[in-house]
Amino acid sequence: MNGPMTERYTLKQNLYVRASMFTTEELRRQKRLGLSDINEDILNGLVQQRMHFEGQQQNMVRALAVALFLTFVSWNGGDIVIPGTGTSVGGVPAFLELSLLTSAFSVLMITYSFLSIQMYNSVIAAIAQSVLAKNELDADLFAASKVPTWLFVKYAQKAPVNGRVPGFNISTLGNFYNRLLIGSLAFVLLSAWIFAIICILYIAHDGLSDTVAGWSVYLLCIGLIAVACISMAANVLEFEHEMDFDNLESTAGNETDAT
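So in the working numbering, spot 29 of the sequence shown is number 34, and the numbers just go up one at a time.
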């Protein structure tokens, strides 16, 4: 005999939506327990941590640019003096191998930083909607008041304020231009990421020696790049999730009884 029917709902969602939904559920739980007053402190802390990751990402981009430059110099047989050391590139043992590993590791760290920043954005948006619900202030404006951000990305969207339908609409030509603006930005950033990966793999294939050490560095670079690609795919991949409403309601009831 079949057990009691449970109300379930299946939907596809990516990692960011998953983070937002779990955060929203946690906010509901805090509200049931009377702990919603701390949400504003959490929101401020998350904004500060996101700023930390953005600074970390900028540092890793600089590190990648320097490492790729030194990799090209070493690969082409150039010999320059490393600033602040007095040592030339040619005088450093396994300099090409070290530069390639540094470049591959930088690509991985940039990818992780980007993924973390987007995750923070999802969680911040979910908490800000709860904290700022009374005055209906746009969560993005709250975040922009705390840290510098590219607001042109927000206002180039068709519905820039919390997805609400705007009271005035841009022309078809203007909408096309805004899409082109955002699309070109995404294209440039993604192309730079792909270009760095291609350069690392090509130079590693062409420039490393046919020895155990050379093959070890080559395979390690491939491994780091593969992990970076897997991480970047999390931005677009969606998987099915099943929501059990009975379980959510029973959890809420248990928390209510505990209080």
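Idealized CB from N, CA, C, for every residue including glycine.
Quick one: what's F244 bridged to in DSSP? Mapped onto the sequence shown, residue 244 falls at position 239. Answer by DSSP bridge pairing, in chain order: Q18.
To the nearest angstrom, how far is the alpha carbon of L73 from that of P153? Along the sequence shown, one-based indexing puts residue 73 at 68. Along the sequence shown, one-based indexing puts residue 153 at 148. Those two C-alpha atoms are separated by around 28 Å.
Whose C-alpha, out of G219, E245, F58 and V166, is nearest the C-alpha of F100? Numbered from its first residue, the sequence shown carries residue 100 at position 95. Ranking G219, E245, F58 and V166 by Cα distance to F100 puts G219 first.
Compute the distance between the beta-carbons of I208 and T76, then report whether it is under 8 Å. Residue 208 sits at position 203 when you count from the first residue of the sequence shown. Residue 76 sits at position 71 when you count from the first residue of the sequence shown. Contact: yes.
Could you tell me whether the stretch 60 to 74 touches the stretch 114 to 124, using the rule of 3 or more Cβ pairs below 8 Å? At 8 Å Cβ cutoff, the stretches touch.
Mind reading off the beta-carbon distance from S25 to A131? Whole number of angstroms is fine, and I expect it under 8 Å. Translated into positions along the sequence shown, residue 25 becomes position 20. Translated into positions along the sequence shown, residue 131 becomes position 126. Their Cβ separation, rounded to whole angstroms, is 5 Å, which keeps S25 and A131 in contact under 8 Å.
Tell me the DSSP secondary structure of L106 in three-state form. As a first step, residue 106 is located in the sequence shown; it is residue number 101 there, counting from the start. The DSSP-derived three-state label of L106 is helix.
Can you name the start and end residues of the alpha helix (DSSP H) that V166 belongs to? Position 161 of the sequence shown holds residue 166. Boundaries for V166: no alpha helix (DSSP H) harbours it, and the DSSP string shows neither H nor E there.
Using beta-carbon positions only, say whether A164 and L186 come within less than 8 Å of one another. Here residue 164 refers to the residue found at position 159 of the sequence shown. Here residue 186 refers to the residue found at position 181 of the sequence shown. No, they are not a contact pair.
Straight-line CA distance for V22 to C234? Your numbering for residue 22 matches position 17 in the sequence shown. Your numbering for residue 234 matches position 229 in the sequence shown. Taking the straight line from one Cα to the other gives about 20 Å.
If you reduce the DSSP assignment to three classes, tell me which class T116 lands in. Position 111 of the sequence shown, counting from 1, holds the residue named residue 116. Helix, per DSSP.
Taking all protein chains shown into account, do 16 or more other C-beta atoms lie within 10 angstroms of the C-beta of F244, making it buried, or fewer, making it exposed? One-based indexing of the sequence shown puts residue 244 at position 239. Of the other Cβ atoms in all chains shown, fewer than 16 fall within 10 Å of the Cβ of F244; this residue is therefore exposed.
Reference R55, options V66, F119 and P98, closest by Cα: As a first step, residue 55 must be located in the sequence shown, where it is residue number 50. In terms of Cα proximity to R55, the closest of V66, F119 and P98 is F119.
Could you tell me the distance, in whole angstroms, from the CA atom of L216 to the CA atom of V222? For the purposes of this step, residue 216 is taken as residue 211 along the sequence shown, with counting starting at 1. For the purposes of this step, residue 222 is taken as residue 217 along the sequence shown, with counting starting at 1. Looking at the sequence itself, residue 216 is Thr, so the reference to Leu does not match. Per the coordinates, the alpha-carbon of T216 lies some 10 Å from the alpha-carbon of V222.
Between the CA atoms of V78 and N180 - distance to the nearest angstrom: In the sequence shown, residue 180 corresponds to position 175, counting from 1. In the sequence shown, residue 78 corresponds to position 73, counting from 1. In a straight line, the C-alpha of N180 is about 44 Å away from that of V78.
Kindly list the residues whose CB is nearer than 8 Å to the CB of F238, restricted to its own chain and excluding five residues on each side of it in sequence; keep chain order. In the sequence shown, the residue the question calls residue 238 occupies position 233. Correcting the residue identity first, residue 238 is Ala in this sequence and not Phe. Non-local beta-carbon contacts of A238 in its own chain, meaning distances under 8 Å to residues more than five positions away in sequence, are absent.
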